[in-house]
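Its first residue numbered 6, the sequence shown is counted upward by one per residue in the numbering used here. Written below as structure tokens is the structure these notes are about.
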Amino acid sequence: MLVIRPYRRERAVQYAERWATMRNPIFYDFTEVGGNCTNFVSQALYAGSCVMNYTPVFGWYYVTPNERTASWTGVDYLYRFLTGNRGLGPFGEEVAEDRLEPGD
């Protein structure tokens with residue numbers, strides 16, 4: 006049975022505010038390989054959901070810099086994961102800008 010945890014936007018916002026000006030040492034800095042913005046978004050999403058999807062290749066997780074999915078650091082992969090996810094972990098849909106809320 007799949008258990009759905011609520012996404013807590015306020016936790017994602019708190020995480021983003023806490024780590025916006027410095028790097029969380031738990032996560033690798035992917036700046037030199039072009040993936041740090043999505044890495045940061047994934048960290049905030051994780052803070053709001055507390056769930057990773059460990060499905061190889063198509064999931065969304067980070068264990069180490071070399072043990073992670075492309076969706077953790079790649080914007081296109083993250084978009085496809087969020088809009089196509091029907092399993093464990095966060096999911097989403099496209100919405101108009103005027104419907105966005107902090108933490109989205």
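Cβ atoms here follow ideal geometry from the backbone N, Cα and C, with glycine treated the same way.
Note to self: Just to confirm the assignment, what range does the alpha helix (DSSP H) spanning Val-18 have?
What the structure shows: From DSSP, the alpha helix (DSSP H) with Val-18 extends over 14-24.
Next item on the list: Confirm, please, whether the CB-CB distance from Tyr-67 to Ser-47 is below 8 Å.
Entry: In this structure, Ser-47 places its C-beta atom within 8 Å of the C-beta atom of Tyr-67.
Item checked: Simplified DSSP assignment, three categories, for Val-80 -> Look at Val-80 here: in three-state DSSP terms it is helix.
Notebook entry, point to check: Which of the three DSSP states, helix, strand or coil, is assigned to Asn-90?
Noted result: Per DSSP, reduced to three states, the secondary structure at Asn-90 is coil, with no helix or strand assignment.
Note to self: Give me the residue from Asp-103, Ala-101, Thr-78 and Glu-98 with the minimum Cα distance to Tyr-51.
What the structure shows: With respect to the C-alpha of Tyr-51, the residue from Asp-103, Ala-101, Thr-78 and Glu-98 having the closest C-alpha is Thr-78.
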